[in-house]
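Please read the structure below before turning to the comments.
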Amino acid sequence: MLVLETIARIRREHLDRGKSIKEIARDLKLSRNTVRRVLRSGETAFAYEREVQPMPRLGPWKEALERLLTTNATAVARERLTLIRIFEELRALGYSGGYDAVRRYARRWSREHASATAAAFVPLTFAPGEAYQFDWSHEIVLLNGVTTTVKLAHMRLCHSRMMFVRAYPRESQEMVFDAHERAFAFFKGACRRGIYDNTGRWLRHRREKTAVETIFIGKDRQYNRRFLQMCSHHLVEPVACTPASGWEKGQVENQVGLVRERFFTPRLRFKTYDELNAWLLDKCLAWGKAHPHPEQPDRTIWEMFEDERPKLIPYGGRFDGFHALTASVSKTCLVRFDNNRYSVNASAVGRPVEIHAYADRLVIRQDGRLVGEHPRKFGREETTYNPWHYVPVLARKPGALRNSRRMRSIRPGRAVQGLGLAGGAGAGAPQARRLRRRRPADGQDPRRRAERRAAGGRGGVRAGADRGRPFRRRRPQHSRPPPRAAGAGDNRHAGVTGAASAAGRRLRPLRRLEERLMERTEVLDMMGELKLYGMRAAYDETLSVAVKRQHEPQRFVGDLLRAEISEKQARSIKYQLTIAKLPLATRNSLNSAGTSTTSRSRARRSVRRSCAISPAAPSSPSNATA
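When we follow our numbering, the leftmost residue of the sequence shown carries the number 186, and every step to the right adds one.
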């Protein structure tokens, strides 16, 4: 099975350098079918599960052994340890191998580092579009009045010295992907080689390594799989520096000091990360257009960048860069990620979900199905709810609506308009879209006219009304009143019962801002679908009283909720009485004179006992009378 490095090299050789399939197969010693399959599929990785993974005993301890050898080589001559002492130090750390493996590795390491010079440097030059350098830095700013340490992603084109800087709250893998995507989109292309630090130590608290997983001898590295996929997508060859050798990417190291001195001194003040990043992008453009190139002083950095841009690899589209991990769903439909909680669909409870963490959002899936999507939070112990995720639960447990943490934060005006108008993501979204597609029917129902008269006129409840007049009368919707039904009465002073028999005009429906009017029948239908039978039964009476007495919307919603709770309590009492099997008195027993319920029950029990003792004896008139 092909490794990621081979796949990336095949793509670069064919798509960038224009080599044929035959040449690539001959150079890499592969079959033409294998090269053809890689190029035609467009994949950057092929799945393969190995049953046996051989690993020498010294393999996991190479980094610790190199650290001991480096420390020993820089010590004073009389304080240096022998190889036996180094072997004993390694055994104390947990190494279980033999001394010969340590001795052979130490001698090879000594030969390779014998000719290294520490004080000499070689000037470097880069061709247009050849390489870029990437690194991170930490800066302190005031975000929304709070002192915050932000992480800056730096990228610099080695030929033109054009810079790109963007701020993030983390140095995690998804932030690395987002920084590369935005930088390549800004440059309108990518270089053929990317120079990186050994970025495996960026995120120790999550036990992952964003770019480099293992450091071998020299420039040999084992990169992170997702990082290699990103580089293969953009046709970039990653190159890691030697540990503790910042001069190998000196341009971006100098850029860190320049940005800190010129951009972040004095301390910056912004409200959000978006404002800070927009300001940084403007500063990068202004710096490139105002300062000369260090190798060609007669030209600016921006002019050199304009000449280098055609030599870049064209931007091939956005890479789906996310950090994936598995999480469990609590019984309250919440998943925990990065010390925060996010809601998911109620149908996802009981099974694990997969979280795709992007730089600015979270996408939660279960078996390939989307069960939640939220903007990402970077605080601690914050909870993000989507009320549509709890609609199936409220349909079975409507009593939880009163003290629901999420529902209590919804404005009363929106609650009056009815659940189902927003149409967010989740289990209730299809229902909301179906309700929005309904059109108000021509009002010929006599009950609607009766309710309008009971409400004190032609006006209805209008969302967004001011506090002084929450329920105001409005002008009629039509210039002429609709024709009355045949046989309808003309008594305008009759009550609700008398007016219900008359043909009335269409009831003015509930409405919300910037949306169409909503019919009363639609509100009642939604209450029925949500199984809010108490609110549905008390809706007409509560609305009539609220309009007459000019109640606030909060009080109107509270009356509906109290009616729902009372209806649930009545149903609960009725159910408890049903299952208790208590001997209830009937109307005949109460009206019968001279005989009580207790005496009748005793007589029935005596008859059953007598029949059980002598089942073959014929029933006598006396027994029947008794």
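Cβ atoms here follow ideal geometry from the backbone N, Cα and C, with glycine treated the same way.
- Thr568 carries a strand assignment under DSSP once its states are collapsed to helix, strand and coil.
- Residue pairing from DSSP places Pro423 in a beta bridge opposite Gly379.
- Taking a C-beta distance under 8 Å as the contact criterion, Ala533 and His508 do not qualify as a contact pair.
- Between the stretch 310-327 and the stretch 488-502, the count of C-beta pairs closer than 8 Å reaches three or more; the two stretches touch.
- The C-beta separation of Gly473 from Thr485 comes to about 7 Å, placing the pair in contact by the 8 Å criterion.
- With fewer than 16 other beta carbons inside 10 angstroms of its own, Asn329 counts as exposed.
- Its Cα nearest to that of Leu275, the residue Pro245 stands out among Val538, Pro245, Gly584, Glu190.
- Burial check for Gly283: the Cβ neighbour count within 10 Å stays below 16, so the residue is exposed.
- Taking the Cα positions, Arg581 is about 41 Å away from Arg355.
- Nearest neighbour of Glu359 by Cα position, chosen from Ser281, Glu567, Glu324, Arg546, turns out to be Arg546.
- Secondary-structure assignment with DSSP links Trp321 through a beta bridge to Ala338.
- Looking from the CA of Leu327, the closest CA among Thr727, Pro577, Arg454 belongs to Arg454.
- Rounded to the nearest angstrom, the Cβ distance from Asp201 to Arg377 is 7 Å, consistent with a contact under 8 Å.
- Annotated three-state conformation of Val307 is coil, per DSSP.
- In the structure shown, the three-state DSSP call for Ala509 is strand.
- A direct Cα-Cα distance of roughly 48 Å separates Ser295 from Thr332.
- Excluding residues up to 5 positions away in sequence, Phe362, His365, Phe504, Gly506 lie with their Cβ nearer than 7 Å to the Cβ of Met415 in the same chain.
- Taking Tyr280 as the centre and dropping the five residues before and after it, the same chain places the C-beta of Trp246 closer than 7 Å to its C-beta, in chain order.
- The three-state secondary structure of Arg196, taken from DSSP, is helix.
- Here the stretch 211-225 makes no contact with the stretch 424-441; the two share fewer than three CB pairs at distances below 8 Å.
- A buried status is given to Gly557, since no fewer than 16 other beta-carbon atoms sit within 10 Å of its beta-carbon.
- Under the three-pair Cβ rule at 8 Å, the stretch 741-760 counts as touching the stretch 709-724.
- By alpha-carbon distance to Lys468, the top candidate from His478, Phe449, Gln481 is Phe449.
- In this structure, Val514 sits near Val529, with a CB-CB distance shorter than 8 Å.
- In the DSSP assignment, Arg351 falls within the unbroken beta strand (DSSP E) covering 348-353.
- Looking at the backbone, the Cα of Pro479 and that of Ile271 are separated by about 47 Å.
- Beyond the five residues adjoining it in sequence on each side, Arg411 comes within less than 7 Å, by CB distance, of Gln358 in the same chain, given in chain order.
- The residue among Ala286, Leu461, Glu273, Arg705 with its C-alpha nearest the C-alpha of Leu243 is Ala286.
- Our two residues, Lys336 and Pro423, have alpha carbons roughly 22 Å apart in a direct line.
- Going by beta carbons, Gln407 and Arg346 fall outside the 8 Å limit.
- A straight-line Cα-Cα distance of about 7 Å links Arg221 and Ile206.
- Annotation: the continuous alpha helix (DSSP H) that includes Tyr760 extends over 738-765.
- For the set Tyr381, Val444, Glu297, the Cα lying nearest the Cα of Ala425 is the one of Tyr381.
- A check of alpha carbon separations from Met340 across Val578, Ala258, Phe372, Gln481 identifies Phe372 as the nearest.
- A direct Cα-Cα distance of roughly 42 Å separates Gln440 from Ala277.
- For Pro560, the enclosing beta strand (DSSP E) stretches over residues 554-560.
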